[in-house]
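**Q** Dropping a structure here in structure tokens format, bear with me for questions.
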Amino acid sequence: MDELIAPIIAEINRRGLSEAAVSRAAVGNPSALKNLRVRRGAGTRNHPVENLKVIADSLGLEFYIGPPRDTGPIEHVMIDGSDYAHIPLHNAELAAGAGAENACEHIVSHLAFLRDWLKGVGVTPSNACLARVRGDSMMPTIAPGDVVLIDTSKREPPLRRESRQRAPIYALRGADGAQVKRLLRPAEDQLMIISDNPDYLPQAMALMPGAEINIIGKVVWWGHTVKE
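Residue numbers (UniProt numbering): 1 to 228.
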């Protein structure tokens with residue numbers, strides 16, 4: 001168990017976070033990591049190893065466990081001696097408001113991101129894609145026309161029964177089309193769909209078989225062009 005926990009502790013230290021804060025945000029228990037390290041009786045533990053996976057996911061680590069592995073063909077670009085990855089920009093729109101219907105989604109361009117930067121935010125280049133946002137429901141955080149970087153490997157919002165942190169932002173498809181929203185999961189079978197614009201009310205959704213929602217991935221970055 002110690003060799004599995006070591007990469008998690010290393011990532012926490014690299015980010016300058018505390019074990020208690022990360023444990024609380026991921027699984028609602030500030031002692032989760034500490035409890036997983038404590039040996040009870042003849043080497044048994046009374047704390048589920050599933051907590052370890054949830055904590056690893058929250059830090060952008062795969063549960064094999066280690067830094068994310070590159071699994072697909074992404075073009076390498078060298079600029080001034082630095083290694084960049086070409087991330088595809090799709091013509092699909094993600095609505096910050098009512099859903100956008102995308103009849104055709106194909107690659108229209110690429111943007112170059114430093115591979116070291118992607119690794120630092122826990123994104124594997126082959127899992128990354130870009131899309132534009134329309135609508136104002138995520139204002140002032142994300143504006144119409146902004147480009148968002150999506151990690152398609154992260155499709156399950158963490159369970160957060162108690163958290164002071166803002167809910168993470170995800171790209172999703174629902175009955176109304178494609179959207180970008182904050183997703184809060186207060187219970188295993190509940191999902192709150194939240195906009196940053198107070199003019200848009202939160203939506204509650206039951207997570208059950210047949211629910212009309214498909215999470216595309218987690219939004220980890222967005223870019224804004226200032227218009228005169």
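Idealized CB from N, CA, C, for every residue including glycine.
These numbers come from a predicted model, not from an experiment.
Please name the residue or residues paired with Q179 in a DSSP beta bridge.
**A** A95, L172
**Q** Can you tell me which residues form a DSSP beta bridge with K218?
**A** D151, Y170
**Q** Under the three-state reduction of DSSP, which class applies to I142: helix, strand or coil?
**A** coil
**Q** Among L17, L184, V49, which has the Cα closest to the Cα of I5?
**A** V49
**Q** Take Y84 as the anchor and find which of T124, L184, P198, L201 has the nearest alpha-carbon.
**A** T124
**Q** What are the start and end residues of the alpha helix (DSSP H) that includes E133?
**A** One detail in the question is off: residue 133 reads as Val in this sequence, not Glu. Here V133 belongs to no alpha helix (DSSP H); instead the beta strand (DSSP E) covers 128-134.
**Q** Reducing DSSP to helix, strand and coil, say where P125 ends up.
**A** It is helical.
**Q** Rounded C-beta distance between residue 290 and M205? I'm assuming under 8 Å.
**A** Residue coverage of the chain in this structure runs from 1 to 228, which leaves residue 290 outside it and unanswerable.
**Q** Closest to P157 by C-alpha separation, out of Q203, G16, V54, I107, would be which residue?
**A** V54
**Q** With respect to the beta strand (DSSP E) encompassing L52, which residues constitute its N-terminal and C-terminal limits?
**A** Not the beta strand (DSSP E): L52 falls in the alpha helix (DSSP H), residues 50-58.
**Q** Is there contact between the stretch 114-124 and the stretch 165-173, where contact requires at least three CB pairs shorter than 8 Å?
**A** no
**Q** How is the alpha helix (DSSP H) around L36 delimited, first residue to last?
**A** Run containing L36: 32-37, per the alpha helix (DSSP H) assignment.
**Q** From I107 to K34, what distance separates their C-alpha atoms?
**A** One alpha carbon belongs to I107, the other to K34, and they sit about 45 Å apart.
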